[in-house]
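See structure below.
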Amino acid sequence: MWRINPSAGRSYALLELPDGFDPSEVSIAPGEVVYQTAVIAWAVFPTVPEALPQLYEALGGAGRPRGVLACRPCPQGAIVEWDPDSGGIAIVMKVVDVELRRFSSGRRAELLSPLTPMLSAKIAAWGVAAPEIAADRILELLVDV
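For the sequence shown, position 62 (counting from the first letter as 1) is numbered 61 according to numbering that gives the first Met the number 0, and the numbering increases by one without interruption.
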């Protein structure tokens, strides 16, 4: 799956590779990154631009939440990439909101990366506090369209 986001100036691909495939065989552009697992890439656009340096430090500095792989600048915002198996979505979102609150800033956020069905189910289960939601219960995945 491939997702292009013009407002953040980034593109993300999600590859399903056979077991034993060497990730170093994937050709990528110079300066880009290949992660060994599905990640969430999320762009945050504060309504108060002065909040950005604090956001970069909180999510990209030495004290960043566990699982955050990178915090990159983008036009008028920050891109946060994290491994959802290592760190929870709740802590990343709360850190963003705490930092923005210091500047009385709202935010606009965009999901940049494609998600696996398992990850979509995990996010849905967390979002609606329904731990019984799982990929094997998502109708669209069970019906061959």
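For each residue, glycine too, the CB sits at the ideal point set by N, CA and C.
Asked                                                                                                                                                      : Found
How is G147 classed by DSSP in three states: helix, strand or coil?                                                                                        : Summary: the structure shown does not reach residue 147, with the chain confined to residues 0 through 144, and so no result is reported for it.
Contact defined as beta carbons within less than 8 Å: I believe S112 pairs with A40. What is the distance between those atoms, to the nearest angstrom?    : 4 Å
What are the start and end residues of the beta strand (DSSP E) that includes A89?                                                                         : Looking at the DSSP string, A89 is not in any beta strand (DSSP E); the run it does join, the alpha helix (DSSP H), is I88 to R100.
Using CA atoms only, rank isn't needed, just tell me which of V127, G126, P116 and L16 is closest to R136.                                                 : P116
Determine, using beta carbons only, whether P64 and K121 come nearer to each other than 8 Å.                                                               : no
Inspect the CB distances between the stretch 13 to 29 and the stretch 91 to 110 and report whether three or more fall short of 8 Å.                        : no
What is the DSSP secondary structure of I39, reduced to helix, strand or coil?                                                                             : strand
Would you decide whether L54 is buried or exposed? Buried here means 16 or more other CB atoms lie within 10 Å of its CB.                                  : buried
Compare the Cα-Cα distances from I132 to each of F44, E139 and A124 and report the closest residue.                                                        : A124
Thinking C-beta only, is L99 closer than 8 Å to P45?                                                                                                       : yes
What is the DSSP secondary structure of I122, reduced to helix, strand or coil?                                                                            : helix
Compute the Euclidean distance between the alpha carbons of E139 and A50, then round it to the nearest angstrom.                                           : 39 Å
Apart from the five residues just before and just after V127, which ones in its own chain have a Cβ nearer than 7 Å to its Cβ?                             : none
Taking all protein chains shown into account, decide if A7 is buried (16 or more other Cβ within 10 angstroms of its Cβ) or exposed.                       : buried
Take E31 and list the residues in its own chain whose beta-carbon comes closer than 8 Å to its own, dropping the five residues that flank it on each side. : none
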